[in-house]
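Residue numbers (this note's numbering), protein chains in the order written: chain A, 1 to 244; chain B, 245 to 575.
Where is the CB? At the ideal position from N, CA and C, for every residue including glycine.
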């Protein structure tokens, strides 16, 4: 059991990029240029950490491995889309991460006591919904890419192309508000800022368009879901059950 | 009259295969100009399988047996022709169809590796809409049939291959399917585990009247389970019919080893008109046609002084092997 506990702790620690970014931002006083106080910035990156913990997705890697090893075959002849299995796995792992994420937050507040705040219940609930929607968007994007396994066998390489915009445009390295205005307007048309930036701003109490953000998240889900269904249906016709 | 549960008409399947020459040059060439060709692995086959039948698919490696099973269970899409399984087009993978079938592939597992099998059983029960009470009842019944008990609560990775295979079977049968597709289910199992598995499949077939389509390289699986076999050679059906008929046709003679009382008696037998395979001192081996075996044995027993007599059944692997390597074998 010890190895499992260590593995879970490592999962949680592996998502601490936002804290490194916070350090870079505050040490270089970069937040002054975007009119965000130190406290609000530290809350933002803490929230980004939380959102990341509960929206990170790796379905493309799981599906690719299962597909190449022939493990998808038994799932395909069950009356349940295999992606529900991966979905359930992700949810289960998120629940497992929760206590570890709380411990990291606890230590964060010990070192940054001025950042302690209690969001009101309404905002907290909306943030949970928004984080879940962010998870759904990422899950759908990766599932669509994962379905390319039916054609390319190496869908994870395509996912790596998406990793770069996700890293820079999602708000993981910097709040989207820090980008120049003309770039920002384009970024907000993509799904990326709704993955981390929007839910993190919402939870941390930064100024954000709640209705606009939630609507965009729902819109992206409505756009991505039929695309996933279509690519799944076409892809399974191409399935050769290799490795089995 | 027993109805057909599987109907296959003019079924073909082609795969696009790319080939690469060795070395750096070959890799660069492959990267810029990939050579692909279409390979027809199943060629215009037709057959029917009746409800409750156990049919063995025989063929050499790469003959197309597994591809046929994969198309029958809806895992892969046929290129041409039609398949109807229990009134469904398998590749559409409709819920009603999927709830009626199962596919078991030797060495491929669906059990969750780090958890005890019981967890996978309950997961499968939920997938097939079984309530907890019903699931418990079926797990109990199947685990008794398969003779597994405490293994249900041990993580899968710690089970032996035989225990794992039994658990795989239980997981695959929890929804009580009517049609079982078994692709080399005894692969890698020891003799006792193989025998137990065969006994279980016979019992399951008897109790539920399930149809079983089976591929195996172990002839014992085929001979003890299947009355009917379909031989596949390079994607085509080379024989479809009763196994005993195939064996009779392929092996029309039996070898009889006779130990005579003396060498003189053996010489007498040698010159009496029987086809002699070999003779060493007072031991002689003769070949007799299946149809005249009773009368020939009577003649031998009445006219010669013999000490002992053995009827040698020809090795079944050898006989079936002949069918597998030659398409136009005279059956």
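Going by DSSP, what residues sit across from residue i in a beta bridge?
| i | result |
| --- | --- |
| residue 262 of chain B | B:280 |
| residue 519 of chain B | B:531 |
| residue 555 of chain B | B:500 |
| residue 427 of chain B | B:349 and B:459 |
| residue 480 of chain B | B:477 |
| residue 565 of chain B | DSSP, once it has assigned bridges, lists no residue as partnering residue 565 of chain B. |
| residue 305 of chain B | Answer is none; residue 305 of chain B lacks a bridge partner. |
| residue 526 of chain B | DSSP lists no partner for residue 526 of chain B. |
| residue 472 of chain B | B:299 and B:486 |
| residue 292 of chain B | B:251 |
Spell out whether any CB of chain B is found under 8 angstroms from the CB atom of residue i.
| i | result |
| --- | --- |
| residue 235 of chain A | no |
| residue 155 of chain A | no |
| residue 76 of chain A | yes |
| residue 240 of chain A | yes |
| residue 70 of chain A | yes |
Could you give the DSSP three-state label for residue i: helix, strand or coil?
| i | result |
| --- | --- |
| residue 486 of chain B | strand |
| residue 447 of chain B | helix |
| residue 432 of chain B | coil |
| residue 549 of chain B | coil |
| residue 257 of chain B | strand |
| residue 406 of chain B | helix |
| residue 511 of chain B | helix |
| residue 115 of chain A | helix |
| residue 440 of chain B | helix |
| residue 246 of chain B | coil |
| residue 144 of chain A | helix |
| residue 286 of chain B | strand |
| residue 105 of chain A | helix |
| residue 149 of chain A | helix |
| residue 537 of chain B | helix |
| residue 122 of chain A | helix |
| residue 394 of chain B | helix |
| residue 273 of chain B | helix |
| residue 415 of chain B | helix |
| residue 179 of chain A | coil |
| residue 154 of chain A | coil |
| residue 165 of chain A | helix |
| residue 421 of chain B | coil |
| residue 495 of chain B | coil |
Spell out whether any CB of chain A is found under 8 angstroms from the CB atom of residue i.
| i | result |
| --- | --- |
| residue 259 of chain B | yes |
| residue 339 of chain B | yes |
| residue 383 of chain B | no |
| residue 279 of chain B | no |
| residue 372 of chain B | yes |
| residue 417 of chain B | no |
| residue 283 of chain B | no |
| residue 386 of chain B | no |
| residue 250 of chain B | no |
| residue 560 of chain B | no |
| residue 286 of chain B | no |
| residue 398 of chain B | no |
| residue 343 of chain B | yes |
*Run through the stretch 310-388 of chain B for me and flag every whole beta strand (DSSP E) of 3 or more residues, listed as ranges in chain order.*
The stretch 310-388 of chain B contains these whole beta strand (DSSP E) runs: 324-329 and 345-349.
*Mind checking the stretch 72-103 of chain A against chain B and listing, in chain order, the residues whose C-beta falls within less than 8 angstroms of any C-beta there?*
Hits within the stretch, in order: 73, 74, 75, 76, 77, 78, 79 and 80.
_Residues, ordered as in the chain, of the stretch 309-321 of chain B that lie near chain A by beta-carbon distance below 9 angstroms_ = So the list reads 310, 311, 314, 317, 318, 319, 320 and 321, given in the order they occur along the chain.
*asked:* Give the list of continuous alpha helix (DSSP H) stretches no shorter than 4 residues that lie fully inside the stretch 185-243 of chain A.
replied: With a minimum length of 4 residues, the continuous alpha helix (DSSP H) runs that stay inside the stretch 185-243 of chain A are 197-204 and 210-238.
_Could you tell me which whole alpha helix (DSSP H) segments of length 4 or greater appear in the stretch 20-98 of chain A?_
Note on the stretch 20-98 of chain A: whole alpha helix (DSSP H) runs with a minimum of 4 residues are 38-53, 59-68 and 72-76, in chain order.
*Interface residues of the stretch 403-429 of chain B facing chain A [CB-CB below 7 angstroms]*: From the stretch 403-429 of chain B, no residue has a Cβ closer than 7 angstroms to chain A.
_Residues of the stretch 344-361 of chain B with Cβ closer than 7 angstroms to any Cβ of chain A, in chain order_ = Within the stretch 344-361 of chain B, the residues whose Cβ lies closer than 7 angstroms to some Cβ of chain A are 345, 347, 349, 352 and 354, listed in chain order.
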